[in-house]
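The structure under discussion appears below in the form of structure tokens.
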Amino acid sequence: MNSKPIRMPGPDHPISVTPTKRRVAVSVDGKLIADSRDALTLQEAAYPPVQYIPRKDVDMTQLQRSAHQTYCPYKGECSYFSIPAGGERMVNAVWSYEAPYAAVSAIRDLLAFYPDRFDVIEIDSDGHTNPGALTSS
-5 MNSKPIRMPG
5 PDHPISVTPT
15 KRRVAVSVDG
25 KLIADSRDAL
35 TLQEAAYPPV
45 QYIPRKDVDM
55 TQLQRSAHQT
65 YCPYKGECSY
75 FSIPAGGERM
85 VNAVWSYEAP
95 YAAVSAIRDL
105 LAFYPDRFDV
115 IEIDSDGHTN
125 PGALTSS
């Protein structure tokens, strides 16, 4: 029996997952880690939007799974990855819901990156670079 609470998104705690309409790229110390035109934006309640990037668009050789895990009653169990080449600030800097609850099943196995730990570049459809835009919708 699962003793952890499970909550459904609703009017008091809305969650939406929509395609990101721009290219999202993530780098560490100038090294490109992720580059995607298939990212999804998860908007949860009043929290800043989060970009979830498909693993096919991430250099998984740069990531190392960590033992750290957390739980969200709306999304489920969360696994973490570190980027050893990035040093201490990259410990548990990437997360993934590998078996999310049905309401957010679209983020299954996608990766999210803590924006304050990365050199983040989002390039819009006009080719303009927007540093630090990973958390903007």
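Just so we're aligned: 110 in this note's numbering is position 116 of the sequence shown, and the numbers increase by one with no gaps anywhere. Ideal placement from N, C-alpha and C gives every residue a C-beta, glycine not left out. Keep in mind it's a predicted model, so treat the numbers as computed, not measured.
Worksheet item: What do you reckon, are the CB atoms on valine 18 and phenylalanine 112 nearer than 8 Å?
Response: no
Practice prompt. Go ahead and pull the three-state DSSP assignment for aspartate 32.
Written response: coil
Discussion item. Quick check for students: name the residue ranges of the beta strand (DSSP E) that lie wholly in the stretch 7 to 74, counting only runs of 3 or more.
Written reply: 9 to 13, 17 to 22, 25 to 30, 34 to 38, 44 to 46 and 58 to 66
Discussion item. Could you compute how far the alpha carbon of arginine 102 sits from the alpha carbon of valine 52?
Written reply: 15 Å
Discussion item. Distance check for lysine 15 and threonine 35, CA to CA, integer angstroms please.
Written reply: 9 Å
Worksheet entry | Nearest-angstrom Cα separation, counted from proline -1 out to aspartate 32 | 31 Å
Worksheet item: Rounded to a whole number of angstroms, what is the C-alpha to C-alpha distance between asparagine 86 and alanine 106?
Response: 11 Å
Worksheet item: By how many angstroms is the C-alpha of proline 5 removed from the C-alpha of cysteine 66?
Response: 18 Å
Practice prompt. Give the single residue among Pro42, Leu104, Gly70 and Arg83 whose Cα lies nearest to the Cα of serine -3.
Written response: Gly70
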